[in-house]
Amino acid sequence: MFAKLSRTFKSGWKNLIRNGSLAIATIGVITITLFIINVQGATVFANNTLLKEVESRVNISVYVNTEMSEAETLKIKSEIERYPEVKSVEYISREDALASFKELNSDNETIQRAISELGENPLGAALNIRAYNPDQYQAISKKIEASSFRESVLEVNYQKYRGVIENLNKEIKSNQRMALTLGITFSVIAILITFNSIRITMYAHQKEIEIMRLVGASNNYIRLPFLWEGIFYGLIAAIIAIPLSYFYLKIVATGDASGSVLPFSNSRFIQSFLSGYFVENALWIISSQLFLGVLLGVISSVLAIRKYLKI
Amino acid sequence: MIIYENVSKIYSSDSPALMDVNLRIEEREFVTIVGASGAGKSTLLKMLYAEERPTRGNVYFHRNNLVNLKNRHLPQHRRQIGTVFQDFKLLPKKTLGENVAFAMEVAGKSNAEIQKATNQILDIVGLSQKIDKYPGEVSGGEQQRAALARALVNKPKVLVADEPTGNLDPISTWEIMQLLLKINEFGTTVILATHNKGMVDKLQRRVISINKGRIARDEAMGKYCI
């Protein structure tokens, strides 16, 4: 059993080496396929993480009139806290709002000057509302619009976030579709080319196969070298594709985002995500790439064996 | 023991390759099959190593009906039958030794076993000096002897030789014939298909003549006559 395995293993490897440029082309196509799948996977993963991140940061800010006293605002706060969808309400006083606004624009002199020239605090107090579930913000926003304290409220800023999330969702959907289309298309091409290479190996070994049958080689003994050949193509391709996608993602993550031609590097968040993505998921990425490579090879081998190897 | 029972093989209906062949070959027999090209000699032999199946009738090998042989049992069956052909069928990129060893490798034998048996069988066919030569570097007669060694290395019960001397000069032909007789003496059944009249007449063994797919003559001490 072991002798058979090692003998077919060796002849499978020899077949690959003797295929020369054809072997290189085959490995190249599988490498490109695995690379594309990996990079597209990273994009989809990054976008999903971005969506979750945005969703977790979503809240409704209710800005109250500057004339409202603190006591009145707190009354509104306790009323909102009674809504069943609401997880928490954070009160931000006029002073806190101003301080954080100043800090946010610390490098903008015009704004700083304008505030100091104004003399008094132009900002009203705010209530930051968090729901248990991101889906509930719309309902909360509607309740506030219909509430008795509607007159005291300056602005409810839910709509802004809704647009962002909807856009992001749309982008993710189209991104996933593209990733899937690209992945499947290239997989099919890779399988066809590998299939063809193995077929050519079989053709070159016609005489050997004939003799093997005559001297009573088992069917598996005749088939195994071609199966190994397919597995080798996939494995070698994966071994090349893994560092390739690592360096590619690294370049994307550290490159200048604004001038980039890369489709998904336009977000700083995704950049920072990608810089850690590969290392954090190394085990998963490497094993899935090896698995995919071998899978592509095995599918090609099995197809070629079934179609062309008459035993 | 080999029995052909009402065997017919029909590729096209107007000229059957074999028609109602009945034949019995005992163990350790040396049988020569003669006949014009296309008479059905090769088809008859192919049925024995199950390369072809009869359209009608049965072929028994040691009580097993080869008509019912399952594909997965085919390799096991073929290891009991050694084959040599007119075109030698040696692998050009392997040495003579490797060619012989190849037959044992595919049967899953251990390396030590393979080396021992290879040396032994090459010695018997007189090629121990040429073990590391490639087929292209030796004569036709030597190539056929290597092919014979490969056919015998798994110790088959039957040796099937389909025109083994068709490409050889008279001296090489003589050597191969002597080897076949020697192999037969060792206890292997030999079934030989040939065109070589001089050889057949000299052998003084059983001769089966085939004409247009039918057995025309079957003589215990036959002559080449078609």
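Those protein sequence lines, which keep their order, are chains A and B.
Each number in my numbering comes from the position in the first sequence (counting from 1) with 490 added on.
Each number in my numbering comes from the position in the second sequence (counting from 1) with 3 added on.
Every residue, glycine too, gets a C-beta built ideally from N, C-alpha and C.
Between L725/A and N538/A, the alpha-carbon positions lie close to 29 angstroms from each other. Between I721/A and T521/A, the gap from beta carbon to beta carbon reaches 8 angstroms or more. Within the region 58-144 of chain B, the runs of beta strand (DSSP E) that reach at least 3 residues and sit entirely inside it are, in chain order, 59-64 and 84-88.
Restricting attention to F781/A, I514/A, S546/A and N505/A, the CA atom closest to the CA of I699/A is found in N505/A. G706/A has a beta carbon lying within less than 8 angstroms of a beta carbon in chain B.
According to DSSP, A621/A shares a beta bridge with V576/A. Residue state for D221/B is assigned as strand, using DSSP reduced to three classes. Along the region 680-709 of chain A, the positions whose C-beta sits under 8 angstroms from a C-beta of chain B are K697, E698, E700, I701, M702, R703, L704, V705, G706, A707, S708 and N709, read in chain order. Residues of chain B whose Cβ lies closer than 7 angstroms to the Cβ of K542/A do not exist; the shortest such Cβ separation is about 54 angstroms. Against chain A, the CB of R82/B has a partner CB under 8 angstroms away; the residue lies at that interface. Using a CB distance cut-off of 8 angstroms, A493/A counts as an interface residue toward chain B. Sixteen is the threshold: since fewer than 16 other Cβ atoms of the shown chains lie within 10 Å of the Cβ of D172/B, the residue is exposed. With three or more CB-CB distances shorter than 8 angstroms, the region 711-720 of chain A counts as touching the region 781-801 of chain A. Scanning the region 538-616 of chain A from its first residue to its last, the whole alpha helix (DSSP H) runs of 4-plus residues come out as 560-571, 584-594 and 599-608. Taking the C-beta atoms as reference points, S551/A is found nearer than 8 angstroms to A616/A. Cβ-Cβ distances below 7 angstroms link S790/A to I681, T684, F685, I688 and G720 in the same chain, with the five nearest sequence neighbours on each side left out; the list follows chain order. Here Q79/B is exposed. Its C-beta has fewer than 16 other C-beta atoms within 10 Å. At least 8 angstroms separates the beta-carbon of V193/B from that of V203/B. DSSP, read as helix, strand or coil, puts D23/B in strand.
For Y7/B, the enclosing beta strand (DSSP E) covers residues I5 to K12.
Cβ-Cβ distances below 7 angstroms link K133/B to L99, V141 and E145 in the same chain, with the five nearest sequence neighbours on each side left out; the list follows chain order. L564/A and V548/A have their alpha carbons spaced roughly 22 angstroms apart.
In this structure the region 572-585 of chain A does not lie against the region 655-675 of chain A, because fewer than three pairs of beta carbons, one per stretch, are closer than 8 angstroms.
Under a 10 Å Cβ-count criterion, D165/B is classified as buried, with 16 or more other Cβ atoms of the shown protein chains found around its own Cβ. Assignment of A164/B by DSSP, reduced to helix, strand and coil, places it in the strand class. Collapsing the DSSP output to three states places T176/B in a helix. Around the C-beta of G43/B, 16 or more other C-beta atoms lie within 10 Å, and the residue is accordingly described as buried.
Interface annotation, R497/A: in contact with chain B, CB-CB separation under 8 angstroms. Residue-level contact check: Y767/A does not touch chain B, since none of the beta carbons of chain B fall below 8 angstroms from its beta carbon. In the DSSP assignment, E645/A falls within the unbroken beta strand (DSSP E) covering V643 to V646.
Cα atoms of T691/A and L94/B: separation of roughly 15 angstroms, rounded to the nearest angstrom. DSSP places A152/B in the helix class (H, G or I) of the three-state scheme. Scanning its chain for C-beta atoms nearer than 6 angstroms, with the 5 sequence neighbours on each side dropped, one finds around A219/B the residues S212, in chain order. In this structure, Q89/B and P167/B form a Cβ contact; the two beta carbons are roughly 7 angstroms apart against a cut-off of 8 angstroms.
Partner residues in the beta bridge of N214/B, as assigned by DSSP, are R217/B. Under the three-state reduction of DSSP, F189/B is assigned to coil, being neither helix nor strand.
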